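Per my numbering, the sequence shown starts with residue 25, numbered consecutively. Virtual Cβ for every residue (Gly too), placed ideally from N, Cα, C. Computed from a prediction, not measured in an experiment: that's the story for all the values here. Before any comments, here is the structure.
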Amino acid sequence: MEHSIQEALHTPVMVDEVLHWLITESEGWYVDGTVGTGGHTAALLSRLSPGGKVLGIDLDHTALAVAHERLSAEAARLTLRQGSYAQAHLFLHELGEVNCQGILLDLGLSSYCLEGSGRGFSFQADEPLDMRFDPNHGRPLYQILPHLSRNALTDILVRFGEDRQARSVATAIYRAATQDRLETTAQLADTIRLAVRGPLLTKTLARTFQALRIFVNDELNTLQTALERLTGILRTGARAVMITYHSLEDRMVKQFFARESRDCLCPPQIPQCVCSHSAAFKILTPKPVTPASEERMQNPRSRSAKLRAAERL
Ligand SMILES: C[S@@+](CC[C@H](N)C(=O)[O-])C[C@H]1O[C@@H](n2cnc3c(N)ncnc32)[C@H](O)[C@@H]1O
Numbered sequence: 025m026e027h028s029i030q031e032a033l034h035t036p037v038m039v040d041e042v043l044h045w046l047i048t049e050s051e052g053w054y055v056d057g058t059v060g061t062g063g064h065t066a067a068l069l070s071r072l073s074p075g076g077k078v079l080g081i082d083l084d085h086t087a088l089a090v091a092h093e094r095l096s097a098e099a100a101r102l103t104l105r106q107g108s109y110a111q112a113h114l115f116l117h118e119l120g121e122v123n124c125q126g127i128l129l130d131l132g133l134s135s136y137c138l139e140g141s142g143r144g145f146s147f148q149a150d151e152p153l154d155m156r157f158d159p160n161h162g163r164p165l166y167q168i169l170p171h172l173s174r175n176a177l178t179d180i181l182v183r184f185g186e187d188r189q190a191r192s193v194a195t196a197i198y199r200a201a202t203q204d205r206l207e208t209t210a211q212l213a214d215t216i217r218l219a220v221r222g223p224l225l226t227k228t229l230a231r232t233f234q235a236l237r238i239f240v241n242d243e244l245n246t247l248q249t250a251l252e253r254l255t256g257i258l259r260t261g262a263r264a265v266m267i268t269y270h271s272l273e274d275r276m277v278k279q280f281f282a283r284e285s286r287d288c289l290c291p292p293q294i295p296q297c298v299c300s301h302s303a304a305f306k307i308l309t310p311k312p313v314t315p316a317s318e319e320r321m322q323n324p325r326s327r328s329a330k331l332r333a334a335e336r337l
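Laid out in structure tokens, this is it:
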């Protein structure tokens, strides 16, 4: 689907808050691990001094192309790479850097993916049921669905969708995928509509699509891998800023920072520390930062956003 740059742009969430928590030095390398169409990157570059540079990473090469065109005037200070934010250490290494001054992850789906990618992220469009952020890796959802057992599907929808109707929806999708054809978003949406009626239908549609997207892209495992690698890519005093839109992601970030801000992980009954663990982070936001009411009104997609920040010790 062809889109003009303006149409393709995603409204970045909590821009002032991101800049406030992320920037400690106006020079050096910052990583935007989910550059998307470049909203946060543009704001970051405008706040950094001429010696400040951004490594922008995204799995979606089409979103990167939009960011590249939009930020062409900043080419000297911006390096864009197609890949996963969990590989940020490798991209930094290619640039001759071991670590960076800060990293931002703005997880989830952009308006661009939802409305402009043509890859089946939205239940409101009729597109191939693909749902991969990177269409050159793995298999599209329509090829995977017929091979999932009813239990596996139920587990995916219960865990990642957190919807009350998950079990009946999983049964309906299982039947449709194994008996009929389930190759487009319209077919998936119709299957869900037949299984669930009533006032919560729209929520169930959104949650089911979200759950399947999280599954196809293995989003939670990727986030966990990236968190475990954070310590290695942030120099002392550098910060990590994480924006999540899903309770499981927020919990993972919260638990990671909580664990890594402790000097000892021994169970309380052990009188003397035997774990030799030492804190790697200081938590900067004991409670998640959420968008101001004005932003929530202007950008409904920001409503579920939670920002957490921590500083490398
Ligand atoms: C909410 S959007 C980011 C929007 C961006 N902050 C902006 O201002 O335009 C999330 C982006 O993360 C990307 N993404 C998802 N998983 C990724 C991963 N493992 N590595 C890199 N990018 C990923 C998606 O392709 C999408 O462009």
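Inset, instruction - Could you tell me which residues DSSP puts in a beta bridge with residue 106? - result: 82
Inset, instruction - Kindly give me the distance between the Cβ atoms of residue 163 and residue 266, rounded to whole angstroms, as I take these residues to be in contact under 8 Å. - result: Actually they are not in contact, since the Cβ atoms of residue 163 and residue 266 sit about 28 Å apart, beyond 8 Å.
Inset, instruction - Throw me the rounded Cβ distance for the residue 272 and residue 264 pair, which I believe falls under 8 Å. - result: With 8 Å as the limit, residue 272 and residue 264 do not qualify as a contact, their Cβ atoms being about 18 Å apart.
Legend entry - Minimum C-alpha distance to residue 308 - residue among 44, 34, 121, 316: 44
Inset, instruction - Can you give me the start and stop residues for the beta strand (DSSP E) that residue 145 sits inside? - result: No beta strand (DSSP E) contains residue 145, which DSSP labels as neither H nor E.
Inset, instruction - Whole angstroms is fine: what's the gap from residue 25's alpha carbon to residue 337's? - result: Unreliable positioning characterises residue 25 in this predicted model, as indicated by a pLDDT of 43, which lies under 50. The coordinate reading is nonetheless provided below. Approximately 46 Å between the Cα atoms of the pair.
Inset, instruction - Spell out the partners DSSP gives residue 76 in its beta bridges. - result: 52
Inset, instruction - Measuring from each Cβ to the nearest heavy atom of ligand 1, keep the ones under 5 Å and list them in chain order. - result: 34, 36, 58, 60, 61, 63, 64, 82, 83, 84, 87, 108, 109, 130, 132, 134, 157, 246
Inset, instruction - Under 8 Å by Cβ, that's how I've got residue 150 and residue 208 pegged, so tell me the actual separation to the nearest angstrom. - result: 6 Å
Inset, instruction - Take residue 274 as the anchor and find which of 328, 320, 133 has the nearest alpha-carbon. - result: 328
Inset, instruction - May I ask which residues mark the beginning and end of the beta strand (DSSP E) holding residue 265? - result: 258 to 268
Legend entry - Continuous beta strand (DSSP E) stretch holding residue 305: start and end: 305 to 307
Inset, instruction - Confirm, please, whether the CB-CB distance from residue 306 to residue 285 is below 8 Å. - result: yes
Inset, instruction - Taking residue 100 as the reference, give the member of 114, 283, 79 with the closest Cα. - result: 79
Inset, instruction - Would you grab the beta carbon distance between residue 57 and residue 112 for me? Rounded to a whole angstrom, and I think it's under 8 Å. - result: 6 Å
Legend entry - Buried or exposed by the 16-neighbour rule on C-beta atoms within 10 Å, applied to residue 156: buried
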